[in-house]
Structures are given as C-alpha cells and as structure tokens.
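Reviewing the structure listed below.
Protein chains in written order, with the numbering used here: chain A, 21 to 286; chain B, 416 to 656.
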C-alpha cells in the first residue's frame with residue numbers, strides 16, 4: 021500500500037455536502053419536489069454508513085465460521101425482505117424465492133472466491149467474506165428485484181400469448197419461456213454493456229476506492245475484473261433460480277395461468 | 416356416433432370475489448354436433464368456454480371429457496380440444512413459425528413438412544399466403560384463419576370458438592363461420608361456439624344453450640327456444656342487427 025494515500029476526514033466529508041446543496045438547488049429550480057426525500061436520504065446514508073463502519077470494525081474482530089455464516093444468513097434474510105417489499109405486484113412465496121436465489125448464488129460464488137480464487141485463510145476471515153458477500157447479496161437483490169418486476173410486466177403484456185400456448189398444449193414453463201427470456205435478458209444486458217465499456221468510459225467504484233486508498237492500480241484492476249465477473253454470474257444465477265421458482269406461482273397445478281395475479285392490485 | 420356424449424357438465428359453478436359467474440350448469444355436448452352458447456355480455460359464456468379445455472376450473476361441480484374427469488390429462492385434453500379466441504394471437508415471425516408454434520414441445524408438429532403446412536393453409540383458404548410471409552402483416556380475417564390452421568395442426572376432435580367473428584365485418588364473419596362449418600363436416604369436429612349473435616349462430620348451430628347472469632335459461636333447438644322466447648329473456652334481441 022502507498023504511504024501517500026488520501027485520508028478522508030470528517031471535515032472533508034462535511035465539505036462534500038456541497039454536492040448535495042448543489043443538487044438541492046437544481047431540484048428546487050426544476051420543481052421536482054424531491055427536496056425532502058433527498059435530505060432524508062443524505063442523512064440516512066451518512067448515519068447508516070457511519071454506524072456500519074463501527075459495526076464492521078467489531079465484525080472484523082470476530083474470527084469464527086459460525087459467526088460468519090450467521091451474518092451472511094441475516095444479510096440474505098434482510099435482502100429477501102427488501103426484495104419482497106420492492107415488488108409492486110403480489111408474487112406468492114416471493115420471499116422464499118428471493119431467499120433461495122440469494123442463498124444459492126452467495127454460497128456458490130462466495131465459496132468459489134474465498135476458497136479457490138483468493139484462497140483466504142481461514143475461509144471465514146471477515147475481511148474478505150463480509151465485503152464480497154455483501155456485494156454478491158446486494159447485487160443479487162437489485163438484479164432479482166428488477167427482473168421480477170419486469171417478469172410480471174412481461175406476463176401482463178403476453179397474457180393472451182401465454183394462454184394461446186397453453187391452449188395449444190404447452191407446459192407452463194414453455195408458455196412462460198419468452199416472458200422469462202425477455203426479463204432475464206433485460207437484467208443481463210446492462211451488465212454485459214458495463215463489461216464492454218469498463219475502463220474506457222468510467223472507472224468502477226471499487227477500483228477507484230482502492231486506488232484512492234493507496235493500492236497499486238494494477239492490483240486494484242485485478243480485483244475489479246474479478247468483481248465484474250462475480251457480478252455477472254450473481255445476476256445470471258440469482259435471476260435464474262428466482263425465475264425458476266417464481267414462474268410456477270403464476271400457474272395452477274392444472275396448467276392454468278393465474279390471471280387474477282396479473283391484475284393491478286392498487 | 417352423433418349422440419355419443421363427449422362433454423358432460425354436472426352442477427358446474429364458478430364464483431369469484433362473491434360474484435356468481437356460473438351457477439349450477441348442467442348439460443351434455445354430443446360428438447360431432449355444433450353447439451352455440453348464447454348470452455348477453457357478462458352472462459358467463461366465455462368463462463364456460465374456457466372450462467372446456469381447462470383454461471379455467473369450476474369452484475364446484477364436475478366436468479367430464481370422453482367419460483373421464485377433464486383434468487385427468489390436461490396436455491392431451493388441450494391437444495384434443497382446440498380454441499379459437501376472439502382476438503387470436505399471431506406470434507411475431509413468419510406464417511411458418513406460427514404454424515409450428517406447438518413444435519417447441521410436440522415433435523410431431525416440429526417435423527411437419529412444408530407441403531403439409533401449405534395443405535393446412537389451403538384447408539383454411541389461405542392457399543395464396545406464402546409460408547415465409549410475415550404473420551403480423553396479415554389482415555384480421557387472415558390472422559383468424561392462420562390461428563385456426565395452427566389449432567388444426569393438433570388434429571383436435573373439438574373446436575371451441577370464443578366470439579371468433581366479433582371483430583370482423585358481417586361478410587367476413589360469415590365466411591369464417593362457413594369455413595368452420597365445412598371443416599366440422601370434413602374433419603368430423605365437434606364445434607362449441609360462444610356468441611352474442613344469435614342470428615349468425617342460427618345459420619350453423621344445431622343446438623343452442625342460452626345463459627343469462629350465469630344461469631342456463633334454455634337449451635334445445637333454435638325453433639324450440641324461439642317459441643319459449645328465451646332469446647328475449649336473455650336480452651339477445653336488442654343486440655340483433
């Protein structure tokens with residue numbers, strides 16, 4: 021690590037509030053009506069992350085596999101709850117679908133990274149497992165929430181098409197396949213586009229943070245590459261597991277589309 | 416053969432959110448017949464039609480298809496009982512892609528040769544349309560015929576029609592119904608059509624069942640129901656042109 025890395029002080033952070041002040045000015049000028057939300061968001065992000073900094077310091081002192089597994093379990097539970105809360109339409113058993121999708125992808129991807137890529141000793145070292153696990157779960161949450169919303173939109177849009185296929189003898193899986201395909205493509209394309217332009221257009225957050233913290237850019241780049249591959253795999257795997265569970269909820273055991281779930285419940 | 420029952424509905428009811436869509440419906444459909452189910456808007460006829468190929472199930476009551484409970488083998492039921500919707504879905508792609516839609520899960524259809532597909536188009540009087548034609552460029556009437564050809568490739572025994580001509584002009588509607596009737600005779604199909612248009616249906620159907628507010632208020636020949644003024648009771652005479 022370089023000795024001349026930049027330490028951000030509390031005073032520096034207060035100065036960075038000028039960005040928020042400037043955004044507030046613009047929001048007010050355009051009468052977007054977002055002032056209150058932005059102020060709350062600013063304070064919440066400050067408080068939550070500051071608190072998390074202290075909590076993480078404590079977490080990093082804990083060296084036990086059961087603690088690490090328990091923590092990941094709680095993180096996945098919270099993410100599943102948050103993902104369920106974000107859905108505009110009722111999806112039966114969505115919490116369980118989210119939990120299984122996030123748990124499955126976290127175990128597989130985090131396990132691979134800790135055991136075979138970074139070869140962390142011991143594997144439950146909080147310095148690696150917490151930030152990487154958090155990234156996997158957070159990315160999985162965002163991706164699956166968007167995909168589930170998009171999937172419902174596709175089902176609504178394709179309702180007649182799906183019933184036509186069912187009427188011709190298709191299984192629910194085949195009848196819903198195009199809707200699943202469109203929603204998963206919509207989730208993965210931004211990830212692929214990000215991989216195409218990374219380094220050319222923008223420097224990703226993790227890499228920027230590491231460079232600012234004094235890490236050799238070549239090493240920071242390697243981490244970033246691993247993280248991008250990890251993100252893509254998380255999005256692919258979590259979405260596929262989630263959709264494989266969710267699509268079934270929209271059909272009865274008599275291979276009928278549950279049209280009542282596609283009506284706006286507002 | 417004509418009197419062999421193919422469908423039997425016993426005390427079929429469907430209630431959703433407290434509203435009674437269908438109440439205690441009993442009737443039998445015979446093999447090879449053309450049955451019209453008539454009713455005004457909201458009478459429950461489309462819900463009833465969807466029950467024939469198990470796209471909808473009743474809350475109570477029993478439906479039998481060829482002597483067995485209708486949900487015994489649903490993929491087999493749906494292959495045998497085709498439906499032509501009010502606004503048929505034509506998938507994006509070519510006419511051929513539409514005809515082979517069921518080829519995704521049915522190897523017999525996937526292996527259909529081009530000349531067989533052309534015969535299927537000729538069967539629905541679309542012989543002038545190329546297999547490579549963009550399906551969504553077809554007119555409304557042609558799209559209905561394409562959907563019919565797609566359904567017929569499953570070799571169904573029963574054809575369900577859900578107001579199949581309501582979006583077409585009267586001349587086109589009659590030509591589609593003439594075609595369906597001709598197919599019924601040549602392919603020995605049983606046809607069940609729901610409609611609010613009793614004038615159109617009396618040209619083709621041998622028997623009629625009339626629904627009003629979810630209840631069966633009459634069943635028999637048009638002549639018999641005319642005498643009982645069932646069509647007036649169902650509010651169908653106001654819809655007549």
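Ideal placement from N, C-alpha and C gives every residue a C-beta, glycine not left out.
- Residue contact with chain A for residue 469/B: present (Cβ-Cβ distance below 8 Å to some residue of chain A).
- Assignment of residue 86/A by DSSP, reduced to helix, strand and coil, places it in the helix class.
- One Cα belongs to residue 63/A, the other to residue 35/A, and the distance between them is close to 14 Å.
- With a cutoff of 8 Å on beta-carbon distance, residue 572/B and residue 598/B are scored as not near each other.
- The stretch 228-243 of chain A makes no contact with the stretch 143-150 of chain A; the number of CB pairs closer than 8 Å stays below 3.
- The DSSP-derived three-state label of residue 445/B is strand.
- No Cβ of chain A is located within less than 8 Å of the beta carbon of residue 591/B.
- Using a CB distance cut-off of 8 Å, residue 205/A does not count as an interface residue toward chain B.
- Two segments are said to touch when three or more pairs of C-beta atoms, one from each, lie closer than 8 Å; by this definition the stretch 638-646 of chain B does not touch the stretch 437-446 of chain B.
- Among the CB atoms of chain B, one or more fall inside 8 Å of the CB of residue 180/A.
- Restricting attention to 591/B, 480/B and 527/B, the CA atom closest to the CA of residue 446/B is found in 480/B.
- Runs of alpha helix (DSSP H) with 4 or more residues, each lying fully within the stretch 556-625 of chain B, are found at 585-602 and 613-616, listed in chain order.
- Taking 8 Å as the CB threshold, residue 200/A stays off the interface with chain B.
- By the 16-neighbour rule on beta-carbons within 10 angstroms, residue 601/B is exposed.
- With its beta carbon less than 8 Å from one in chain B, residue 185/A belongs to the interface.
- Closer than 8 Å to the CB of residue 173/A there is not a single CB belonging to chain B.
- Chain A has a Cβ within less than 8 Å of the Cβ of residue 521/B.
- Chain order gives the chain B residues near residue 276/A as 469, 470, 471 and 472, where near means a beta carbon separation below 8 Å.
- For residue 190/A, the chain B residues whose Cβ falls inside 8 Å of its Cβ are 517, 519 and 520, in order along the chain.
- As for any beta strand (DSSP E) of minimum length 3 sitting wholly inside the stretch 460-487 of chain B, the runs are 475-480, ordered along the chain.
- Using beta-carbon distances, residue 282/A does not count as an interface residue toward chain B, since no partner is under 8 Å.
- In terms of beta-carbon proximity, residue 194/A lines the interface with chain B, with at least one pair separated by less than 8 Å.
- Residue 169/A and residue 645/B have their C-alpha atoms roughly 48 Å apart.
- Of the residues 245/A, 212/A, 216/A and 213/A, the one whose Cα lies closest to the Cα of residue 228/A is 245/A.
- Between residue 257/A and residue 128/A, the C-beta spacing is below 8 Å.
- Among the residues facing chain A, residue 452/B is not included, as its CB has no counterpart in that chain under 8 Å away.
- Residue-level contact check: residue 420/B does not touch chain A, since none of the beta carbons of chain A fall below 8 Å from its beta carbon.
- For residue 504/B, a Cβ of chain A is located within less than 8 Å of the residue's own Cβ.
- Of the candidates 561/B, 432/B and 450/B, 450/B places its Cα closest to the Cα of residue 420/B.
- Secondary-structure assignment with DSSP links residue 140/A through no beta bridge to anything.
- Residue pairing by DSSP places residue 420/B opposite 445/B in a beta bridge.
- A direct Cα-Cα distance of roughly 49 Å separates residue 459/B from residue 212/A.
- Using a Cβ-Cβ distance cut-off of 8 Å, the stretch 461-471 of chain B and the stretch 511-529 of chain B are not in contact, since fewer than three pairs of beta carbons, one from each stretch, lie closer than that value.
- About 13 Å separates the beta carbons of residue 497/B and residue 561/B, which is beyond the 8 Å limit, so they are not a contact pair.
- When only Cα atoms are considered, residue 122/A and residue 578/B end up about 46 Å apart.
- Following the DSSP letters along the chain, one finds residue 634/B inside the beta strand (DSSP E) bounded by residues 630-635.
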